[in-house]
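To start, the structure under review is shown below, and the notes come after it.
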Amino acid sequence: MKSTRHITHWLDAAEIAAVIGSLAGAIVSLWLKQFLWVTIPLSVATGLALINHQRLKKLVEFERKAMASLVQENHARISKLKQQSEKNHWESKVNISELKKTGDSATTELKQLGQQQKSEWESTAQELQTLQTSVAKLDQLAQKLEQEQNETRKLAKELKAIEKFTQMIDKNSESAQPYYLRGSAYQRSGNIERAIEDFTKVIELRKDHGKAYHKRGLLYAEVDEPQKAIIDLRRASQYYIGKGDLDKYRETRDLSLKLHFNQSAAAETIPSDSPPKSEAVAVGNLFG
């Protein structure tokens, strides 16, 4: 039986092309802000991966059946040789030397058959292991593609929300709520700089917007600006205690204190003239 397992299957080439197309589609979709450019290539790539997965499973089953057939064939040959040896033994009692030669020949052939069978078993086992590895890689690729597709959908959703809130801002630039909603969307999409800008605009329009202080404080902590984060979180805690939201009050208060103590511990290892005096006074006044 002629083997073609080392020749690249057209499904493999098509799957690779689809993956490359999905990556290109993702770039185009981010550039054009059109989700269609990434959905179609990702769907095609996932479909090809599933089809190729089924093809490989069928190939493994085919190899298993072929191996079982080969084993049965070898067993039949061995049984036939044994029967022939026994027949010669009973029919050739007179010619013992000839019987011995026949037995030796049969033994040698059996050994050769055993070695050949062992070699074929090892080769088939290795090929099966390679196929199983390929199937596992395909499963991982399918999972990765699905994860990337979900992330792209989330990003597209946030971009659509940002566009919607931007239109609301264009209609009424003095309303704080659209800036807050757009800043939250920027925060979820990972655009920290634009999120801080929108939360800052919210605070300019409404000085008592505790949630904007809270989110901006978290972002300042994320970009390693602890002193700004401490001030914002402290103001947010004052807002929450005024509203009676004790859980949020404790959350913002504890986080601001943690950042403050971390800053104090770090300041002990730095020369006293390193931090700006105004920032040290601000933090000192903040915590009494």
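Quick note, in our numbering, the sequence shown goes up one by one and the last residue is 433. Where a beta carbon is used, it is the ideal one built from N, C-alpha and C, also for glycine.
Taking only the alpha-carbon atoms, compute the straight-line gap between Tyr454 and Val368 and give it to the nearest angstrom. In the structure as shown, the chain begins at 146 and stops at 433. Residue 454 is therefore absent and cannot be evaluated.
Please report how far the alpha carbon of Leu258 lies from the alpha carbon of Leu215, in whole angstroms. 11 angstroms
What is the DSSP secondary structure of His198, counted as helix, strand or coil? helix
Secondary structure at Glu349, three-state DSSP: helix, strand or coil? helix
8 angstroms Cβ cutoff, Gln199 in contact with chain B: No chain B is present in this structure, which holds just one protein chain.
Inspect the CB distances between the segment 217-230 and the segment 304-318 and report whether three or more fall short of 8 angstroms. no
Helix or strand or just coil, what does DSSP make of Val368? coil
Are Ser279 and Leu201 closer than 8 angstroms when you measure CB to CB? yes
Let me know if Ile165 comes out buried or exposed under the rule of 16 or more other beta-carbons within 10 Å of its beta-carbon. exposed
Is the distance from the Cβ of Gln260 to the Cβ of Asn219 below 8 angstroms? no
Short check: CB of Ser334 to CB of Glu303, under 8 angstroms? yes
Going straight from the alpha carbon of Leu193 to that of Asp392, what length do you get? 50 angstroms
Does the segment 316-325 come into contact with the segment 334-351, if we say contact requires no fewer than three beta-carbon pairs (one atom in each stretch) closer than 8 angstroms? yes
Taking only the alpha-carbon atoms, compute the straight-line gap between Phe344 and Lys360 and give it to the nearest angstrom. 8 angstroms
Going by beta-carbon coordinates alone, are Leu276 and Leu204 separated by less than 8 angstroms? yes
Please state the DSSP three-state secondary structure of His154. coil
Nearest-angstrom Cα distance between Ala251 and Val189? 58 angstroms
If I measure Cβ to Cβ from Glu267 and keep anything under 8 angstroms in the same chain, skipping five residues before and after, which residues do I get? none
Under a Cβ-count criterion, where at least 16 other Cβ atoms within 10 Å of its own Cβ denotes burial, should Thr253 be classed as buried or exposed? exposed
DSSP three-state assignment for Ala159, whether helix, strand or coil: helix
I need the boundaries of the alpha helix (DSSP H) containing Ser329, first residue and last residue. Ala321 to Ser334
Less than 8 angstroms between the CB atoms is what I'm expecting for Leu273 and His198, so what's the real figure, rounded? Incorrect: roughly 16 angstroms between the Cβ atoms, too far for contact.
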